[in-house]
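Chemist: The structure's right below; bear with me while I get my questions together.
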Amino acid sequence: MMTTLLLLFSCLILRPIAASYATSVNLLETRSFELQTNQNAQPDAGTVKRPPSRNRKKPLRKPDVIYYPTPDETVIEMLRLADIKKGDVLYDLGSGDGRIPIVAAQQYGIRAVGIEIDPKMVTVAEERARQANVEGLVSFRNADMFRSDISEATVVTLYLSDKLNLLLRPKLLTELRPGSRILSHDFHMGDWKAERMIRVPWEKGLFRTIYFWRVPAHGTKGNAKRPR
Ligand SMILES: C[S@@+](CC[C@H](N)C(=O)[O-])C[C@H]1O[C@@H](n2cnc3c(N)ncnc32)[C@H](O)[C@@H]1O
Numbered sequence: 007m008m009t010t011l012l013l014l015f016s017c018l019i020l021r022p023i024a025a026s027y028a029t030s031v032n033l034l035e036t037r038s039f040e041l042q043t044n045q046n047a048q049p050d051a052g053t054v055k056r057p058p059s060r061n062r063k064k065p066l067r068k069p070d071v072i073y074y075p076t077p078d079e080t081v082i083e084m085l086r087l088a089d090i091k092k093g094d095v096l097y098d099l100g101s102g103d104g105r106i107p108i109v110a111a112q113q114y115g116i117r118a119v120g121i122e123i124d125p126k127m128v129t130v131a132e133e134r135a136r137q138a139n140v141e142g143l144v145s146f147r148n149a150d151m152f153r154s155d156i157s158e159a160t161v162v163t164l165y166l167s168d169k170l171n172l173l174l175r176p177k178l179l180t181e182l183r184p185g186s187r188i189l190s191h192d193f194h195m196g197d198w199k200a201e202r203m204i205r206v207p208w209e210k211g212l213f214r215t216i217y218f219w220r221v222p223a224h225g226t227k228g229n230a231k232r233p234r
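Per my numbering, residue 7 is the first one in the sequence shown, and the count goes up by one each step.
Structure (structure tokens):
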């Protein structure tokens, strides 16, 4: 009697539980295999090749400075001070939401490039450029400004920090052509004295400062200490 009861219990209760557990494990394994397969899948011909999304979400490395936007009036004054002409190419190093390249393209019709380490900000900037109808003139690169070729720029804009400006100075002085203009919002360039400095009124009686330099002839010192 006892044996019959045990047999019945095993058939009716234990076996279905075991079967359902096995099915879930199988499903999990299948799903994880699908995920692995999809990660390795090649895009169809004609589809846009993008890096796996997890790579596009994280900054390439820790940003040197956090995102904080230049106020609109200061953007306008930076561009006015740059004395932009047809044929100029503007680079914004650490371009955030892309506002400086976008306004440069909108107001002056020039080509502008933003270099930004955080891919999320690049996505935001690309969307803003589309909305402003300047995606043909503006492009954004998810890259580290210290490792980017900036030699085609004739105007460079910065909103970083005093320390980063100093670290960038040798690159600016060697890669940019003589006569190229550099504008920095709020931060100076050590003992490289700015050719011009203006103040833009901001909130509550405060103001923003814009510094302006021109790259001297290569091989001459200008008023800047050239890198050794
Ligand atoms: C203060 S925000 C300025 C944004 C924009 N240029 C503006 O003026 O509105 C600085 C930006 O630099 C980016 N950044 C920091 N380190 C960087 C690096 N090494 N290369 C490229 N971008 C960087 C940050 O992610 C941030 O978006």
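No residue lacks a Cβ here, since even glycine has one placed at the ideal position from N, Cα and C.
Could you give the distance in angstroms between the alpha-carbon of tyrosine 73 and the alpha-carbon of tryptophan 219?
Modeler: Looking at the two C-alpha atoms, the distance is approximately 24 Å.
Chemist: To the nearest angstrom, report how far apart glycine 120 and valine 128 are at their CA atoms.
Modeler: About 8 Å.
Chemist: Taking the alpha carbon of serine 167 as the point to measure from, which residue in Leu189, Val221 and Tyr97 has its own alpha carbon closest?
Modeler: With distances taken between Cα atoms, serine 167 lies closest to Leu189.
Chemist: Would you say aspartate 124 touches ligand 1, meaning its beta carbon is less than 7 Å from a heavy atom?
Modeler: Correct: aspartate 124 has its Cβ closer than 7 Å to ligand 1.
Chemist: Following the continuous alpha helix (DSSP H) through glutamate 83, name the residue where it begins and the one where it ends.
Modeler: Here the alpha helix (DSSP H) through glutamate 83 covers 78-87.
Chemist: Report the CB separation of asparagine 106 from valine 140 in whole angstroms; it is logged as a contact under 8 Å.
Modeler: At residue 106 the sequence reads isoleucine, which differs from the asparagine that was named. 12 Å between Cβ atoms; not a contact.
Chemist: Please list the segments of the alpha helix (DSSP H) lying wholly inside the segment 112-182, counting only runs of 4 or more residues, in order along the chain.
Modeler: As far as the segment 112-182 is concerned, its whole alpha helix (DSSP H) runs of at least 4 residues are 125-137 and 168-181.
Chemist: I'd like to confirm something about arginine 175: is its beta-carbon nearer than 7 Å to some heavy atom of ligand 1, or not?
Modeler: False, no ligand heavy atom lies under 7 Å from that Cβ.
Chemist: Per DSSP, what kind of secondary structure is isoleucine 72 in: helix, strand or coil?
Modeler: Coil at isoleucine 72, not helix or strand.
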